[in-house]
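Undergrad: Numbering (this note's numbering), first residue to last: 28 to 227.
A single structure is presented below for examination.
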């Protein structure tokens, strides 16, 4: 990260294996978490991330260096997860809760959104809305960084986050006060990328 907290990256040379390997290492954890919010399934998220990187590698020789490589990867990954959701028959809330149980609420808002009911609610959101919510409230990106990552306006990001908060409150009921549960409650462990949440 740069001194101002914004994402920075080294020069990415199209077709260069070392540069692609660096992008893979730096972006895999964030993409995995983001796609988990979209799919609601850890194994599916991992499959989608792997598929996205295969697609990216095949397209890497044609990558345009003037683009931000992180945003390019993000678009490929989110589109891959959207395609998965279209193909897959999503499990019902009841089936997920029967399989995972209903663990207690987490206490650390900075921890991963992996409790079964929250994951189910996130997976029910439009994919890009869920992705922005995870980027903001788990990974700690501010609205400007998310906008640059996705190639949209800050106003669009703000509208998506408002939609996510409203929809999650509606789906999860008055007892949910915006907490994100700990990853341990659902037995899903992903590497943390960043800590804390900065104001936009």
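For every residue, glycine included, the Cβ atom is placed at its ideal position computed from N, Cα and C.
This structure is a prediction, so every number in the text was calculated from the model and none was measured.
Considering only the beta carbon of each residue, do residue 156 and residue 190 sit closer than 9 angstroms?
TA: Closer than 9 angstroms, so yes.
Undergrad: For the stretch 94-110 and the stretch 149-164, state whether three or more C-beta atom pairs, one from each stretch, are separated by less than 8 angstroms.
TA: Touching, per the Cβ criterion.
Undergrad: What distance in whole Å lies between the Cβ atoms of residue 87 and residue 42, which are believed to be in contact at a cut-off of 8 angstroms?
TA: Between residue 87 and residue 42 the Cβ distance is about 6 angstroms, and since that is below 8 angstroms, they are a contact.
Undergrad: Can you tell me where the alpha helix (DSSP H) holding residue 96 begins and where it ends?
TA: Its alpha helix (DSSP H) spans residues 96-114.
Undergrad: Distance, Cα to Cα, residue 23 vs residue 74?
TA: An answer regarding residue 23 cannot be provided, because it is not within the stretch 28 to 227 covered by the chain.
Undergrad: Here's a check: name, in chain order, each residue in its chain whose Cβ is nearer than 6 angstroms to the Cβ of residue 109, leaving out the five neighbours to either side.
TA: The answer, listed in chain order, is 154.
Undergrad: Just the Cα atoms here: how many angstroms apart are residue 12 and residue 149?
TA: Residue 12 cannot be examined here, being either before or after the span of the chain that is shown, 28 to 227.
Undergrad: Using the rule of at least 16 other Cβ atoms within 10 Å of the residue's Cβ for burial, across every protein chain shown, is residue 96 buried or exposed?
TA: Result: buried.
Undergrad: Excluding the five sequence neighbours on either side, which residues of its own chain have a C-beta within less than 6 angstroms of the C-beta of residue 68, listed in chain order?
TA: Same-chain partners within the cutoff: there are none.
Undergrad: Taking the alpha helix (DSSP H) that residue 153 belongs to, which residues open and close that run?
TA: Counting along the chain, residue 153 falls outside any alpha helix (DSSP H), and DSSP gives it neither H nor E.
Undergrad: Going by other Cβ atoms of all chains shown within 10 Å of its Cβ, with 16 needed for buried, is residue 193 buried or exposed?
TA: Label assigned to residue 193: exposed.
Undergrad: According to DSSP, is residue 161 helix, strand or coil?
TA: Three-state DSSP puts residue 161 in a helix.
Undergrad: What is the DSSP secondary structure of residue 180, reduced to helix, strand or coil?
TA: Residue 180 falls in the coil class under three-state DSSP.
Undergrad: With H, G and I counted as helix, E and B as strand and the rest as coil, what does DSSP make of residue 91?
TA: Reduced to three states, the DSSP call for residue 91 is coil.
Undergrad: By how many angstroms is the C-alpha of residue 65 removed from the C-alpha of residue 94?
TA: Distance between the alpha carbons of residue 94 and residue 65 is about 24 angstroms.
Undergrad: At what residues does the alpha helix (DSSP H) containing residue 40 begin and finish?
TA: No alpha helix (DSSP H) contains residue 40, which DSSP labels as neither H nor E.
Undergrad: Near residue 61, which residues of its chain fall below 6 angstroms by C-beta distance, leaving aside the five closest residues on each side in sequence?
TA: Same-chain partners within the cutoff: 158, 161.
Undergrad: Report, in whole angstroms, the separation of the C-beta atoms of residue 199 and residue 145, which I expect to be a contact under 8 angstroms.
TA: Indeed, because the Cβ distance is near 7 angstroms, the residues count as touching under 8 angstroms.
Undergrad: Look at the Cβ atom of residue 188, then the Cβ atom of residue 163, and state whether they are nearer than 9 angstroms.
TA: Closer than 9 angstroms, so yes.
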